[in-house]
Amino acid sequence: MPLIIAAIRSGTDPIADLPPAAFHRTLEDPIYCPKCEASYNLVVDYDQAVSRYFDNESRRHLAILRKAIMMGHTTDHRITHYETNGVVVISHTPPKPSTPIAALKPLTKLIN
Ligand SMILES: [Zn+2]
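Going by this note's numbering, the first residue of the sequence shown is number 12, and it counts up by one from there.
Written out as structure tokens, the structure reads:
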């Protein structure tokens, strides 16, 4: 199974499914934004995280996540959930909140 690492901003909940795994493990070292106090916890498949190849296999993943998080600083870290298989970074953005029903104007046939 290819290694997938999710990066989730501290203090926020994942907004998409985590990488497929029976158990997840959060790595001890989060990624810190170099420009502010934002940090992202890294979540991986437990079995892959404890593998002896993990340091080597995760290097590229961490490098591109670090870059994505650094670039996210310019948009105030609005993206709170990234995921990578080591080639591309997927940025998960929360779905737009739907308009609450109470805010909708009632339809009327009457013309003022
Ligand atoms: Zn930042």
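Where a beta carbon is used, it is the ideal one built from N, C-alpha and C, also for glycine.
What you are looking at is a predicted structure, and each value in this text was computed from that prediction instead of being measured.
Cβ-heavy atom distance between residue i and ligand 1 below 8 Å?
i    : result
K46  : yes
G83  : yes
H72  : no
A49  : yes
H92  : no
H103 : no
H88  : yes
Could you check how far apart the C-beta atoms of residue i and residue j are, in whole angstroms? I think they sit under 8 Å.
i   : j    : result
Y57 : A32  : 6 Å
A27 : H103 : 4 Å
Who are the near neighbours of residue i in its chain, counting only those whose CB is closer than 7 Å to its CB and skipping five residues on each side?
i   : result
M81 : C44 and P45
H72 : L14, I16, T95 and G97
F65 : Q59
Quick check on the DSSP output: the alpha helix (DSSP H) that includes residue i runs from which residue to which?
i   : result
P68 : Position check: residue 68 holds Glu in this sequence, whereas Pro was assumed. From DSSP, the alpha helix (DSSP H) with E68 extends over F65 to G83.
Once you ignore the five residues that flank residue i on each side, which residues in its own chain have a CB closer than 6 Å to its CB?
i   : result
A79 : Y93 and V100
E68 : L14
Determine the extent of the beta strand (DSSP E) in which residue i is found, giving its start and end residues.
i   : result
D28 : Taken as a continuous stretch (DSSP letters only), D28 belongs to no beta strand (DSSP E), as it is neither H nor E.
A17 : I16 to R20
D58 : Counting along the chain, D58 falls outside any beta strand (DSSP E), though it belongs to the alpha helix (DSSP H) covering Y57 to A60.
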